[in-house]
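Reviewing the structure listed below.
Chains as they are written, first to last, in our numbering: chain A, 63 to 327; chain B, 738 to 1109.
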């Protein structure tokens, strides 16, 4: 890893939330990740960037345990997901929320039931409490109570993302994964969504790992940027420090970030 | 952080108070909220109690909602809070409650309205179906003028999927039904010494009735459901809209090849199924009654007039047409969600089989004097 990648921040005393160690992923002969390491600390908002097909989404799917890497270890809150029993796994999974790229709402359920679903699965609350909590999460993502009865097919792209975010937040997770949170939204909505996530982060003290292609989202949200290229993390540092990293992809990327920031000024 | 806990303080001069402490949040180990609520239930019922939350280390909205519900959504003076907790609970208390959205009870009027809706829905199905048939006829007319547009590739693919791939299963089912029927009939006929009539009975029933119906049921289950699901998923993924945007008619490209393909293979499949059923019947007749294969084959044309085969082919054409049309009709009505996809596919198969049997009954009555 480069020097910039070892650049530490003030959050370095915070406990480690997610730790990836010597991760390899191979599909037949195609190597997607080669000896990849990544550490995410509590309270950080980290952006994962990289070219199309560089394995960002694959990495995220490994982290939340949807797929298994060929070798290597992924620890969430200090536990390896695959080594826990069923109940413990479920408990650990309730500590993080995932926002899928296309929302992945249950199309047969309306907005209310979609958000209430994880709560009902807990079997801890009665319907009155669940109602209150769903209304709370709807208000949190700035949706109206009237929207609760709509079906996913009746929602716009931005609303789908909001509902999906509300569903990811309903179990009060400590860690949030966002796969392309602003892809497919127009600049206004994208900005509003970024603001929403910033507010949530302040209110709930979340740790966030997100994938993005959008420079505006990246510069507004991220404390740190992890760049995935050549099958591993080539840079892991605050956005300003990207300029010091000597790698063609990072150079191009930093150039477009600088252009964006210059436009803003 | 310590676990969520509470204790009741009873002092002499002050009213008793419940002191909550620890981590009141979902992040704590699971299974504790239901238990806590149970334990707190008697305390919630006592309006004299005061509640002290100032020792709580963490209070999330789930715990807040549970407590708030216990206090009947009012805080008042009896709850002692830290300022940020007060703010948090006030936000929760301001949200719309479940009872404020309670639905009114169902009246007779609503039930009548529901029945009317069903009726209306049925009429709309009929209208849509007729419109689909009309669109298909128009497309065929168009193809007569522009034969280059005929979707040969799709038709051929449908013949392969709906016909060739269906050969093994129709053969197996036909053969088994033939054997079963033959055994049952043989036992009955032997009682009357009318062994030879097994050829009349089985020949007639298999060629005229069982062959077409077996084919229809199997094809409705196989190809009909596949067609509905395929068109449905294409609707969900907006592929049908993509076709329309390219100026390609969905009826021409999706419905017509399926209908033509199934109409083309249905008579062949009926013939194939009937042949295997007769083969099964022959085998069982030989084993049970000692009727030789040669005799069976020689006597069959005399027992069953060839016009019966023509009737069977006519039926096959009708059944193929109906199954494909019903499948496409339900496929095009699918709404973009999983529930609609599953219910439409089920409806497609059930309606197709029902319609086929209804048509078969009407056909049997209309042709009662032919070929007997």
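Using N, Cα and C, we set each Cβ at its ideal position, and we do this for glycine too.
Candidates the options: closest to residue i by CA position
{"i": "residue 1060 of chain B", "options": "B:1034, B:996 and B:970", "result": "B:996"}
{"i": "residue 829 of chain B", "options": "B:881, B:912, B:1008 and B:808", "result": "B:808"}
{"i": "residue 91 of chain A", "options": "A:98, A:242 and A:132", "result": "A:132"}
{"i": "residue 323 of chain A", "options": "A:309, A:280, A:258 and A:169", "result": "A:280"}
{"i": "residue 946 of chain B", "options": "B:1098, B:965 and B:806", "result": "B:1098"}
{"i": "residue 1022 of chain B", "options": "B:1084, B:750 and B:937", "result": "B:937"}
{"i": "residue 1076 of chain B", "options": "A:187, A:172 and A:127", "result": "A:172"}
{"i": "residue 1092 of chain B", "options": "B:987, B:856 and B:863", "result": "B:863"}
{"i": "residue 328 of chain A", "options": "A:134, A:234, A:274 and A:161", "result": "The structure shown does not extend to residue 328 of chain A, since chain A is modelled only from 63 through 327, so no value can be given for it."}
{"i": "residue 137 of chain A", "options": "A:130, A:156, A:125 and A:147", "result": "A:125"}
{"i": "residue 1000 of chain B", "options": "B:1020, B:743 and B:957", "result": "B:957"}
{"i": "residue 234 of chain A", "options": "A:211, A:209 and A:265", "result": "A:265"}
{"i": "residue 248 of chain A", "options": "A:241, A:224 and A:220", "result": "A:220"}
Residue i versus residue j: straight-line alpha-carbon distance, rounded
{"i": "residue 754 of chain B", "j": "residue 822 of chain B", "result": "18 Å"}
{"i": "residue 81 of chain A", "j": "residue 304 of chain A", "result": "22 Å"}
{"i": "residue 71 of chain A", "j": "residue 251 of chain A", "result": "Here residue 71 of chain A scores only 45 on pLDDT, less than 50, and its place in the model is too uncertain to base an answer on."}
{"i": "residue 292 of chain A", "j": "residue 315 of chain A", "result": "15 Å"}
{"i": "residue 1014 of chain B", "j": "residue 943 of chain B", "result": "7 Å"}
{"i": "residue 1028 of chain B", "j": "residue 929 of chain B", "result": "16 Å"}
{"i": "residue 271 of chain A", "j": "residue 226 of chain A", "result": "16 Å"}
{"i": "residue 1049 of chain B", "j": "residue 207 of chain A", "result": "60 Å"}
{"i": "residue 166 of chain A", "j": "residue 1074 of chain B", "result": "12 Å"}
{"i": "residue 22 of chain A", "j": "residue 183 of chain A", "result": "Residue 22 of chain A lies beyond the range of chain A shown here (63 to 327); nothing can be said about it."}
{"i": "residue 107 of chain A", "j": "residue 239 of chain A", "result": "10 Å"}
{"i": "residue 73 of chain A", "j": "residue 268 of chain A", "result": "In this prediction, residue 73 of chain A scores a pLDDT of 48, lower than 50, which makes its location untrustworthy; the coordinate-derived value is nonetheless stated afterwards. Taking the straight line from one Cα to the other gives about 14 Å."}
{"i": "residue 301 of chain A", "j": "residue 962 of chain B", "result": "54 Å"}
{"i": "residue 195 of chain A", "j": "residue 802 of chain B", "result": "7 Å"}
{"i": "residue 163 of chain A", "j": "residue 243 of chain A", "result": "7 Å"}
{"i": "residue 877 of chain B", "j": "residue 977 of chain B", "result": "20 Å"}
{"i": "residue 879 of chain B", "j": "residue 872 of chain B", "result": "10 Å"}
{"i": "residue 216 of chain A", "j": "residue 175 of chain A", "result": "15 Å"}
{"i": "residue 1111 of chain B", "j": "residue 868 of chain B", "result": "Limits of chain B in this structure are 738 at one end and 1109 at the other, which puts residue 1111 of chain B out of reach."}
{"i": "residue 1002 of chain B", "j": "residue 886 of chain B", "result": "22 Å"}
{"i": "residue 1104 of chain B", "j": "residue 1037 of chain B", "result": "21 Å"}
{"i": "residue 258 of chain A", "j": "residue 804 of chain B", "result": "27 Å"}
{"i": "residue 1058 of chain B", "j": "residue 1010 of chain B", "result": "18 Å"}
{"i": "residue 931 of chain B", "j": "residue 922 of chain B", "result": "10 Å"}
{"i": "residue 1096 of chain B", "j": "residue 890 of chain B", "result": "31 Å"}
{"i": "residue 115 of chain A", "j": "residue 121 of chain A", "result": "11 Å"}
{"i": "residue 934 of chain B", "j": "residue 860 of chain B", "result": "47 Å"}
{"i": "residue 926 of chain B", "j": "residue 917 of chain B", "result": "14 Å"}
{"i": "residue 214 of chain A", "j": "residue 909 of chain B", "result": "44 Å"}
{"i": "residue 814 of chain B", "j": "residue 749 of chain B", "result": "20 Å"}
{"i": "residue 1108 of chain B", "j": "residue 855 of chain B", "result": "42 Å"}
{"i": "residue 824 of chain B", "j": "residue 1071 of chain B", "result": "47 Å"}
{"i": "residue 185 of chain A", "j": "residue 1080 of chain B", "result": "29 Å"}
{"i": "residue 907 of chain B", "j": "residue 1018 of chain B", "result": "15 Å"}
6 Å CB neighbourhood of residue i in its chain, flanking five on each side removed
{"i": "residue 795 of chain B", "result": "760 and 762"}
{"i": "residue 76 of chain A", "result": "103, 104 and 105"}
{"i": "residue 192 of chain A", "result": "178 and 181"}
{"i": "residue 751 of chain B", "result": "none"}
Sequence-distant residues of the same chain with beta carbon closer than 8 Å to residue i, five excluded per side
{"i": "residue 117 of chain A", "result": "87, 94, 95, 290 and 293"}
{"i": "residue 924 of chain B", "result": "1025"}
{"i": "residue 113 of chain A", "result": "291 and 311"}
{"i": "residue 187 of chain A", "result": "181 and 195"}
Nonlocal neighbours in the same chain, by C-beta distance under 7 Å from residue i, ignoring five residues either side
{"i": "residue 741 of chain B", "result": "759, 760, 761, 765, 769 and 773"}
{"i": "residue 199 of chain A", "result": "177, 228, 231 and 232"}
{"i": "residue 97 of chain A", "result": "84, 86 and 294"}
Supposed contact pair residue j and residue i - C-beta distance, whole angstroms, cut 8 Å
{"i": "residue 1056 of chain B", "j": "residue 903 of chain B", "result": "Contact doesn't hold; Cβ gap of about 13 Å is too wide."}
{"i": "residue 144 of chain A", "j": "residue 230 of chain A", "result": "With a Cβ gap of about 22 Å, residue 144 of chain A and residue 230 of chain A do not count as contacting."}
{"i": "residue 1082 of chain B", "j": "residue 899 of chain B", "result": "With 8 Å as the limit, residue 1082 of chain B and residue 899 of chain B do not qualify as a contact, their Cβ atoms being about 16 Å apart."}
{"i": "residue 948 of chain B", "j": "residue 1007 of chain B", "result": "5 Å"}
{"i": "residue 826 of chain B", "j": "residue 818 of chain B", "result": "7 Å"}
{"i": "residue 993 of chain B", "j": "residue 905 of chain B", "result": "Going by Cβ atoms, the distance from residue 993 of chain B to residue 905 of chain B rounds to 27 Å, so no, they are not a contact pair."}
Cross-chain neighbours of residue i in chain C, by beta carbon under 9 Å
{"i": "residue 1076 of chain B", "result": "Here the protein chains are A and B, and chain C is not one of them."}
For the stretch 168-183 of chain A, which residues have a CB atom closer than 7 Å to at least one CB atom of chain B, in sequence order? 169 and 170
At a CB distance below 8 Å, what residues from the stretch 210-237 of chain A approach chain B? Give them in sequence order. 213, 214, 215, 233, 234 and 236
Pull out every residue of the stretch 800-824 of chain B whose Cβ sits closer than 9 Å to any Cβ of chain A, in chain order. 801, 802, 803, 805, 806 and 810
For the stretch 300-318 of chain A, list every residue whose C-beta sits within 9 Å of some C-beta in chain B, in sequence order. none
Residues in the stretch 268-288 of chain A with C-beta within 9 Å of chain B's C-beta atoms, listed in sequence order? none
For the stretch 191-203 of chain A, list every residue whose C-beta sits within 7 Å of some C-beta in chain B, in sequence order. 191, 193, 194, 195, 197, 198 and 201
Selection of the stretch 774-793 of chain B by Cβ proximity to chain A, strictly under 7 Å: none
Output, in sequence order along the chain, the residues in the stretch 1009-1027 of chain B whose CB is closer than 7 Å to any CB in chain A. none
Mind listing which residues of the stretch 79-93 of chain A have their C-beta closer than 9 Å to chain B's C-betas, in chain order? none
Against chain B: residues of the stretch 153-169 of chain A by CB proximity under 9 Å: 153, 156, 157, 168 and 169
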